[in-house]
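Quick notes on the structure that follows.
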Amino acid sequence: MNESLLRPAARLADVPASKIRVIFDRAHELEDQGVHIYHLEIGRPDFDTPALIKRATVKALDAGAVHYASNWGIPELRNAIAAKLGRDNGLTYAPADEIVVTIGANEAVWIAMMAYLDPGDEVIIPVPAWPHYAQCVRLAGGVPVFLQLREGDGWRIDPEALGRAITPRTRMVILCTPQNPTGAVLDQPRLEAIAAKLQGTNAIALSDEIYEHLIYDGVRHVSPASLPGMRERTLLVSGFAKAYAMDGWRLGYLAGPRELVKWALRVHQYTTVCAPTFEQYGAAAALDGLQDDRERMVAEFARRRRAILDLLGAQDVLRYSPAEGAFYFWVTYPESAPPASELAMGVLEEQHVAVVPGTAFDETQEHGLRIAYSAPLEDVTEGIRRLVDYVRRHTKN
Ligand code: PLP
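When we follow the working numbering, the leftmost residue of the sequence shown carries the number 147, and every step to the right adds one.
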């Protein structure tokens with residue numbers, strides 16, 4: 147074996163394989179053996195993409211929308227995104243040069259980081275967090291700086307702690323509301339306090355709002371870019387995966403002031419070129435059409451969330467927060483029970499319940515787990531009953 151031939155680039159040295167996948171892959175192995183798995187690990191809707199979206203896509207495909215689109219995306223979709231951002235978020239972005247359609251929200255995150263991180267630039271990531279942020283920062287040559295979220299704050303950013311974490315090297319701060327994996331939502335007063343800490347710095351706010359429509363109990367989503375002084379420093383990331391059940395379509399977008407979006411487009415131009423053309427017609431139909439399908443899916447998530455709150459309220463081994471958004475609960479459990487990766491594998495093997503260990507989102511969360519409720523209600527409730535029972539049996543008094 148020629149070692150030099152096989153040597154990966156140095157930038158990969160600190161980029162581990164995904165811990166979510168370990169559980170996912172084992173769950174599928176068991177499923178292939180005929181075992182019924184309670185899938186509480188999957189971060190995607192369990193619904194089909196609404197028919198209206200599929201129809202518009204098929205129509206575009208039949209009409210020959212099979213060639214490269216503009217690097218920015220088709221005008222119809224950029225117009226629909228601009229209209230949506232105005233209608234839902236009170237934001238004004240020019241479809242011509244302030245919105246780029248990307249290959250999922252993932253690509254929007256990636257091109258923002260590639261455009262703005264120089265070697266050694268720091269990116270503040272509130273953790274536990276979606277693991278892609280830290281790994282994309284590393285791949286782009288930056289340095290992730292983890293800001294520990296606390297159970298006592300409901301896993302929301304403490305603006306004072308954020309202020310202390312900002313240094314002259316801070317180039318970017320990740321804001322994710324509603325948040326993966328905790329379901330926490332940042333309200334307006336908290337966002338205003340965060341905005342105040344960013345004033346006068348060189349930090350770009352990378353605002354991931356992919357879960358904005360998955361929000362419950364009358365809580366309102368506030369877009370950080372809509373706050374005074376924030377538009378000029380915010381790159382807004384969103385996509386169609388969660389609210390429209392389009393995760394496999396790989397469509398998202400990046401919006402921001404033209405001076406910032408311009409360099410992200412440069413990265414996009416030489417990497418993915420454009421998002422799939424015919425699919426973009428489907429996404430435009432999703433935004434332009436009646437939102438009944440989306441609301442039906444959100445109502446079902448809300449029903450599951452209620453049932454989980456009832457279950458969690460009636461037990462005493464898992465601690466939890468209300469999780470006002472997304473489709474996740476973040477739970478912590480006693481330190482006398484096994485650490486999260488061991489416990490997650492144990493409950494999968496013995497009880498056939500798949501959950502993600504907290505360490506996938508934050509190395510220090512040895513006794514945390516993410517529960518996703520993107521599975522049928524009966525599976526979610528039975529899975530949680532089994533999990534509670536397993537943790538209780540493995541906790542030493
Ligand atoms: N942002 C967050 C916070 C997520 O949790 C996810 C997926 O799990 C994404 C972005 C990815 O979105 P997409 O599938 O559009 O790339």
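Just so it is clear, CB atoms sit at the ideal spot from N, CA and C, and this is done for glycine as well.
Proximity of residue i and residue j at Cβ, strictly below 8 Å
i, j, result
"residue 165", "residue 510", "no"
"residue 482", "residue 297", "no"
"residue 444", "residue 360", "yes"
"residue 362", "residue 451", "yes"
"residue 400", "residue 383", "yes"
"residue 329", "residue 472", "yes"
"residue 352", "residue 321", "yes"
"residue 269", "residue 290", "yes"
"residue 238", "residue 421", "no"
"residue 271", "residue 261", "no"
"residue 377", "residue 244", "no"
"residue 301", "residue 293", "no"
"residue 340", "residue 314", "no"
"residue 316", "residue 342", "no"
"residue 372", "residue 225", "no"
Residues of its chain near residue i, where Cβ-Cβ distance is below 7 Å and the 5 sequence neighbours each way are ignored
i, result
"residue 182", "498"
Rounded Cβ spacing between residue i and residue j (contact assumed at less than 8 Å)
i, j, result
"residue 275", "residue 507", "6 Å"
"residue 257", "residue 414", "5 Å"
"residue 375", "residue 334", "That belief does not hold up - the Cβ atoms of residue 375 and residue 334 are roughly 14 Å apart, past 8 Å."
"residue 423", "residue 480", "Wrong, their Cβ atoms sit about 53 Å apart, outside the cutoff."
Rounded C-alpha distance that separates residue i from residue j
i, j, result
"residue 484", "residue 513", "8 Å"
"residue 184", "residue 529", "5 Å"
"residue 539", "residue 532", "11 Å"
"residue 395", "residue 250", "8 Å"
"residue 521", "residue 397", "22 Å"
"residue 228", "residue 461", "45 Å"
"residue 148", "residue 457", "56 Å"
"residue 282", "residue 178", "32 Å"
"residue 310", "residue 215", "44 Å"
"residue 157", "residue 526", "39 Å"
Own chain partners of residue i with C-beta closer than 6 Å, once the 5 adjacent residues on each side are dropped
i, result
"residue 387", "393"
"residue 195", "391, 392"
"residue 199", "428, 431, 432"
"residue 439", "196"
"residue 354", "322, 383"
Cutoff 8 Å; reference residue i; Cβ partners in own chain excluding five residues on either side
i, result
"residue 502", "165, 166, 169, 187, 327, 490, 515, 516, 518"
"residue 368", "323, 332, 333, 334, 337"
"residue 418", "248, 249, 253"
"residue 409", "261, 262"
Taking 6 Å as the limit, tell me which residues put their C-beta closer than that to any heavy atom of ligand 2, in chain order.
-> Absence of ligand 2 is noted for the structure shown, with ligand 1 being the only ligands found.
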